[in-house]
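Q:
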Amino acid sequence: MEIFTKQLNSIDLERGLVLPRDANLEHRELPTIVESSAGTPLPDPVTIHCSTRSGKLVFTRGWHDIARHAGLKSGDIVTFYREVNGGAQYKMRVRNVG
Numbered sequence: 015m016e017i018f019t020k021q022l023n024s025i026d027l028e029r030g031l032v033l034p035r036d037a038n039l040e041h042r043e044l045p046t047i048v049e050s051s052a053g054t055p056l057p058d059p060v061t062i063h064c065s066t067r068s069g070k071l072v073f074t075r076g077w078h079d080i081a082r083h084a085g086l087k088s089g090d091i092v093t094f095y096r097e098v099n100g101g102a103q104y105k106m107r108v109r110n111v112g
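Each residue of the sequence shown is one higher than the one before, counting from 15 in the numbering used here.
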């Protein structure tokens, strides 16, 4: 089940990924498997920390590791979703557009 899709901007990459207003997540640590748009996973799951900054939900720690490892830039697209197959897990698909 998709939670959100977002086209990245420079603030997302520098300060943390600001989640869209309709993203229904609580403040917590989210163990996440990250895949490229080709379906290739990053080597290890990453724990993303979701917190509040200026009244908005933001992915902070863990997010910067993903952005660096995947070579994300402004304009790239991320989709964050929850997959339920014998147990719920979070996944993030990243797509480099440029």
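We treat Cβ as the ideally placed atom computed from N, Cα and C, and that holds for glycine. Keep in mind it's a predicted model, so treat the numbers as computed, not measured.
How is the alpha helix (DSSP H) around Leu-27 delimited, first residue to last?
A: Taking the sequence shown and counting its residues from 1, one reaches residue 27 at position 13. From DSSP, the alpha helix (DSSP H) with Leu-27 extends over 24-29.
Q: With a threshold of 7 Å on Cβ separation, who are the neighbours of Gln-21 within its own chain once the five nearest residues in sequence on each side are excluded?
A: Looking up residue 21 in the sequence shown gives position 7. Cβ within range, chain order: Gly-89, Ile-91.
Q: For the putative contact between Leu-33 and Phe-73, defined by C-beta atoms under 8 Å, what is the C-beta separation to the nearest angstrom?
A: To locate residue 33, count along the sequence shown from 1; it is residue 19. To locate residue 73, count along the sequence shown from 1; it is residue 59. The pair is a contact, with the Cβ atoms about 7 Å apart (cut-off 8 Å).
Q: Please identify the residue among Leu-56, Ser-50, Lys-70, Arg-42 whose C-alpha is closest to the C-alpha of Ile-62.
A: Here residue 62 is taken as the residue at index 48 of the sequence shown, counted from 1. Nearest of Leu-56, Ser-50, Lys-70, Arg-42 to Ile-62, Cα basis: Arg-42.
Q: Sorry if obvious, but does the Cβ on Ser-65 come closer than 7 Å to a heavy atom of the ligand HEM?
A: Judged by which ligands are present, the structure shown has none, so any question about the ligand HEM falls away.
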